[in-house]
Amino acid sequence: MGRKMKNEFEPTHLPLGLSGGLVLRRAAAADGEALAVFSSRMHSDDGPDRPDQGVYYLLKEIADGKNPALTLDDFTVVEEIASGRIVSCMCLISQTWSYAGIPFKVGRPELVATEPDYRNRGLVHRQFDVIHQWSRERGEIVQGITGIPVYYRQFGYEMALDLDGSRTLFEPHLPRMKDGELEKFTLRAAEERDLPFLMDLYNTNLAGSMITCVRDDTTWKFELSEREPQSCDHCNIYIVQDAAGKPAGWVVTFAQAGKGKLIVRQFDLLPAFDRYLAARAVSNHLWQIGKSEAEKSGNRFAELQFSLGRSHLVYDLLGDALLRPRAPYAWYMRVTDLPAFLNLVRPVLETRFRASAYAGFNGSIKLMPAYQGLEMTFESGKILPISELPALNWGDADALFPGQIFLQLLFGFRDLNELMHAFVDLEVKEPARHLLSALFPVQSSNIWMI
């Protein structure tokens, strides 16, 4: 966002020789096993000497061509020429997200890793140049990555979008059920015949999350029955049904049996049913599922974590039974063409504008996010196409945003007052302050990404 980043439009041709006897290239079919071993070592929470088998099987799933969203062709690798050893890698997962109902393409860099002895040599930087180039060639003007604090800012990213957020249920607080209540709502494994119901419920409930991930038929079938069972991304999808067997909702869980934990990532219930009773019954059923899985691994089951974002109906339904509230972490976001993205989501901004106290405003405001001049013009309840102002002087801007923090406003992560409190060099004049507050309110997002 803002001034073009170094090398952004200078194509990198692969393979590319690097100093120190290294070569940067696109991964090939023959790299499958080596990438799986390398990634399982580098992404292990217990250190490289205790590889993460879930990561290993995720890479095997990709190498075997089973993953519809990702192939080895989407990976970069840095190879030590003399030994043929992979010392660094990353990949690009292309997908479609939605901004309050408007779809847009996203490139998701992932599985970034480098051998300790090869760090601080700029290997990740060189790979980001390539990954960003690929993303641009695919028509993606937005990139998002989940990762460690601070690090990815150097590549033009800003922590600007909700990531997870959870509350936890422990055994002493399991909802107590009266005789016969537990059987009124049960769980069964989802089957392919349930796909229309699942897709409809998922799409219907997207309104509760400003940013969402669009999932097609192929993705749904893959998640339901085609993933490698031992992959770290493998999930279990359940149908919530009433005593008559009628679908009443759905649940998606990720097991962490080795840690004595079951994570609930999706949980929706239809309003035609007693959602209070259903949430309590399902919680008890999920506890038994988690306990059974943990015992198979020789572990004690300790917690049921509802990772449903900043806010969720289930949090309200279970109330004080849920403890240890954890605020959302954040996605690192990058927007390479801000005017284009703002114009894409202009219908959403217009709807917010017309619903605000300032709907009758006619005029223009000049913005400067990250040294890039933009003009927004309001006319008769509409927002005209947003244009660049290349010659805008910072002193003439109605709203001056330091760094990339405008992205926090754009993606609903923080509101304008919060940002003005945190960044004293964020300067906003009237009426821009009121207009921007109306256009970009805080809104929660809970993305089930691909």
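Whatever position you read off the sequence shown (first residue = 1), add 12 for my numbering. For every residue, glycine included, the Cβ atom is placed at its ideal position computed from N, Cα and C. In this text the structure is predicted, and so the values were computed from the model without any measurement.
Closest Cα partner of residue i within the set the options
i, options, result
"K233", "N248, G66 and H297", "N248"
"T158", "V124, Y288, R150 and F279", "V124"
"D245", "P23, T24, L28 and M461", "M461"
"F285", "E238, W262 and D229", "W262"
"Q300", "P337, T265 and V347", "T265"
"M380", "A371, V347 and P414", "P414"
"E238", "T108, A260, K78 and A42", "K78"
"Q278", "R292, F318 and R97", "F318"
"A40", "L438, S31, V136 and G96", "G96"
"E550", "D141, D58, Q65 and V436", "The structure shown does not extend to residue 550, since the chain spans only 13 to 462, so no value can be given for it."
"L2", "D58, D280, Q416 and Q139", "Lying before the first or after the last residue shown, residue 2 is absent from the chain, which here runs from 13 to 462."
"D61", "M432, L135, P128 and A42", "P128"
"E235", "A260, E203 and D191", "E203"
"D280", "N296, P340 and D212", "D212"
"T126", "Y69, E92 and P187", "E92"
"V347", "V276, S457 and I417", "I417"
"L396", "V360, N355, A94 and A369", "N355"
Distance between beta carbons of residue j and residue i, contact taken as under 8 Å
i, j, result
"V90", "L34", "5 Å"
"D427", "P453", "6 Å"
"F353", "F373", "So it is not a contact: roughly 23 Å between Cβ atoms."
"Q253", "T198", "6 Å"
"L421", "L448", "7 Å"
"G302", "L274", "3 Å"
"A342", "A172", "7 Å"
"I459", "C225", "5 Å"
CA-to-CA distance, residue j to residue i, given in whole angstroms
i, j, result
"L47", "F87", "10 Å"
"K465", "G407", "The structure shown does not extend to residue 465, since the chain is modelled only from 13 to 462, so the question has no answer here."
"D206", "P241", "20 Å"
"A112", "R312", "41 Å"
"L320", "G331", "14 Å"
"P23", "G29", "15 Å"
"N19", "H185", "With a pLDDT of 42 at N19, under the threshold of 50, the predicted position of this residue should be treated as unreliable, and no value is reported."
"D328", "R287", "11 Å"
"S52", "R445", "48 Å"
"M189", "I251", "20 Å"
"L487", "A219", "Residue coverage of the chain in this structure runs from 13 to 462, which leaves residue 487 outside it and unanswerable."
"I143", "I153", "12 Å"
"G257", "R200", "10 Å"
"F435", "L84", "42 Å"
"G151", "T108", "11 Å"
"K72", "L404", "51 Å"
"K16", "R292", "Its pLDDT being 42, under 50, K16 is placed unreliably by the model, and the measurement read from it follows with that caveat. Cα-Cα distance, rounded: 52 Å."
"R165", "N429", "23 Å"
"Y169", "L210", "33 Å"
"A450", "E439", "17 Å"
"R366", "G32", "59 Å"
"V136", "G177", "28 Å"
"Y344", "L82", "20 Å"
"V162", "E305", "36 Å"
Cβ neighbours of residue i in the same chain (closer than 7 Å, five flanking residues each side left out)
i, result
"L401", "K378, G385, L386 and E387"
"E195", "A255"
"T230", "P80"
"K394", "E362"
"Y130", "V99 and S100"
"S147", "L104, G119 and Q155"
"F182", "E315 and L335"
"G375", "F390"
Residues near residue i in its chain [Cβ-Cβ closer than 6 Å; skip 5 each side]
i, result
"V49", "none"
"G424", "M222, V454 and Q455"
Spatial neighbours of residue i in its chain, beta-carbon cut-off 8 Å, leaving aside the 5 residues before and after
i, result
"P63", "V49, S52, R53 and S56"
"S110", "F116, L218, I223, T224, C225 and V226"
"A339", "G177 and R322"
Would you mind listing the beta strand (DSSP E) stretches within the region 99-146 that are 3+ residues and don't spill past its ends, in chain order? Look at the region 99-146 and you find these whole runs of beta strand (DSSP E), each 3 residues long or longer: 114-126.
Run through the region 29-103 for me and flag every whole beta strand (DSSP E) of 3 or more residues, listed as ranges in chain order. Those beta strand (DSSP E) runs which fall completely within the region 29-103 and span 3+ residues are 34-38 and 87-92.
Only counting runs of 4 or more residues, tell me where the alpha helix (DSSP H) segments fall wholly within the region 339-364, in order along the chain. As far as the region 339-364 is concerned, its whole alpha helix (DSSP H) runs of at least 4 residues are 350-356.
Sequence ranges, alpha helix (DSSP H) only - wholly within the region 216-258, length at least 4: Listed in chain order, the alpha helix (DSSP H) elements of length 4 or more contained wholly in the region 216-258 are 229-233.
Which complete beta strand (DSSP E) runs does the region 391-432 hold, if anything under 3 residues is left out? Note on the region 391-432: whole beta strand (DSSP E) runs with a minimum of 3 residues are 411-413, in chain order.
Where in the region 278-319 do unbroken runs of the beta strand (DSSP E), each at least 3 residues long, occur, reported from the N-terminal end onward? As for any beta strand (DSSP E) of minimum length 3 sitting wholly inside the region 278-319, the runs are 315-318, ordered along the chain.
If we require 4 or more residues per run, which alpha helix (DSSP H) segments fall completely within the region 170-223? Within the region 170-223, complete alpha helix (DSSP H) segments of at least 4 residues are found at 207-216, given in chain order.
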